[in-house]
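The structure appears right after this line, and notes come after that.
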Amino acid sequence: MNLETTAGNLQSAFRAIAGVAEPRNTIPVLGCARIGGGKIAVTNLDIHASVKLPTAGKMKGSTAVDVRQLSNLAKHIDADETVTIGEAEGLASVKFNGSAYSLVSLPATDFPDAPEMPDGSPHTETGNAGLAAAVGRVMFAASTEATRYSLNGFSFRTFDGVQHVVATNGHRLAVEALPFIIDGAEGKIVHRKMAHLLVARKQEPKAVTFGDRLARFEFDGLEFISKLIGGTYPDIERVVPKEARPVFSLDRVAALKILRRVAAFAINSGRAVKISKGDDGDLELSARSRGEFSCTEKLPGTILDQNFSGVGYNFNYLIDSLSMFTGETVTFSTTSEIAATPALMTCEADTLRIVQMPMRV
């Protein structure tokens with residue numbers, strides 16, 4: 019094979035597909051990038067990514083080379099430097115400005131082909147409407163436990179006439195509205211690695227296609243085809259409290275500062291904090307561990323239900339949730355006793371909703 023491009027083009031291409039190929043695996047070709055047909059492609063068998071590579075003239079032939087070696091080399095070549103890549107007898111050559119590097123290559127035919135979307139799969143032109151941004155707001159709540167694999171990503175759910183993206187680990191849930199409906203996406207589960215790739219792009223996909231087992235996300239010159247997670251996602255409409263009454267509200271920024279201080283202080287202990295009504299009738303936050311430490315902080319906020327006495331939460335979960343909101347005041351609402359039922363967290367002028375389970379303290 020033979021191609022001529024610039025180091026800058028290589029750098030941009032490898033940035034676009036970074037994070038797909040696994041650094042260590044037992045199948046050598048999965049650590050390679052296939053170069054051919056005007057594109058660079060990588061895969062981990064769950065996700066296949068391909069990106070267009072601008073070249074001087076037509077790219078001839080194809081090969082597969084170690085993705086880490088070639089991408090790392092490209093990073094250390096001036097962006098405007100002309101780079102020539104060739105391949106013969108199992109060795110690829112990279113030449114630029116009088117320098118020459120060689121690396122082992124594998125036949126391009128050994129590289130797995132991209133999975134094909136079934137004919138007639140629902141296709142949606144999403145433009146710049148906000149899918150990746152919505153996913154980025156809910157993924158903090160997704161599970162990372164292998165035992166709950168169906169929760170290791172985000173799903174699509176439509177209720178109240180609006181489609182949402184939702185993520186949960188069973189202890190907390192985040193749901194964000196989409197400004198459009200993606201055909202064929204309802205109930206499908208996209209795993210967390212694909213979610214992170216969408217968010218890391220910092221751009222919105224221009225089109226999305228969903229099949230029964232695959233999803234394709236298209237950007238300008240870049241495409242991801244991802245397997246979907248099998249299984250059934252929780253019934254979100256039953257989880258999100260309806261007609262919940264406000265119990266208390268917090269000054270978001272001030273509460274975050276206090277929670278981070280407590281988290282730093284309690285680094286070697288449990289993660290539980292209690293929000294309660296102090297002796298003076300105001301909100302306070304406290305944490306303690308059997309004989310090791312205790313702390314109490316005044317918590318800027320307002321008690322909205324005078325029957326409120328106290329509730330415990332995981333402070334890391336509270337930090338994550340408050341960090342994701344954008345407004346000044348976060349309200350905790352519930353349909354019953356807040357210490358025993360999920361709380362709905364909302365913020366003024368913010369479409370994100372978070373459901374938080376209480377914690378025994």
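Be aware that the sequence shown starts at 19, since it is given in our numbering, and climbs by one per residue.
We put the CB at the ideal spot given by N, CA and C, even for glycine.
Keep in mind the model is a prediction, meaning the values are calculated, not measured.
1) Just list the beta strand (DSSP E) runs in the region 84-136, keeping only unbroken ones of 3 residues or longer that don't cross its boundaries, in chain order.
2) What is the rounded straight-line gap between the Cα of Q324 and the Cα of D300?
3) Residue ranges of each alpha helix (DSSP H) run of no fewer than 4 residues wholly in the region 228-308, ordered along the chain?
4) Looking at N20: is its Cβ nearer than 8 Å to the Cβ of P72?
5) Express the C-alpha separation of L88 and T349 in angstroms, rounding to a whole number.
6) Straight-line CA distance for T176 to P125?
7) Can you tell me whether L216 sits near the ligand GTP, meaning its C-beta is under 7 Å from at least one heavy atom of the ligand?
8) State the Cα-Cα distance for the pair M375 and L63, rounded to the nearest angstrom.
9) With C-beta atoms as the reference, is G304 less than 8 Å away from C313?
10) Would A34 be called buried (16 or more neighbouring beta carbons within 10 Å of its own) or exposed?
11) Put S30 into one of helix, strand or coil per three-state DSSP.
12) Could you give the distance in angstroms between the alpha-carbon of A31 and the alpha-carbon of Q181?
13) What is the rounded straight-line gap between the Cα of P360 and the Cα of V257?
14) What's the gap between the Cα of H136 and the Cα of I293?
15) Considering only the beta carbon of each residue, do I207 and G148 sit closer than 8 Å?
16) In whole angstroms, give me the CA-to-CA distance for V112 and T23.
17) Under the rule that 16 or more other beta-carbon atoms within 10 Å means buried, what is A282, buried or exposed?
Judging by the given coordinates:
1) 100-106, 109-114 and 117-124
2) 11 Å
3) 254-257 and 270-283
4) no
5) 51 Å
6) 46 Å
7) Ligands in the displayed structure: none, and consequently the ligand GTP is not present.
8) 36 Å
9) In the sequence as displayed, the identity of residue 304 is Ser instead of Gly. Contact flag set, yes.
10) buried
11) helix
12) 33 Å
13) 8 Å
14) The sequence given here has Pro at residue 136, not His. Near 52 Å, if we compare the C-alpha coordinates of I293 and P136.
15) no
16) 11 Å
17) Around the beta carbon of A282, a 10 Å sphere encloses fewer than 16 other beta carbons of the protein chains shown; the residue is thus reported as exposed.
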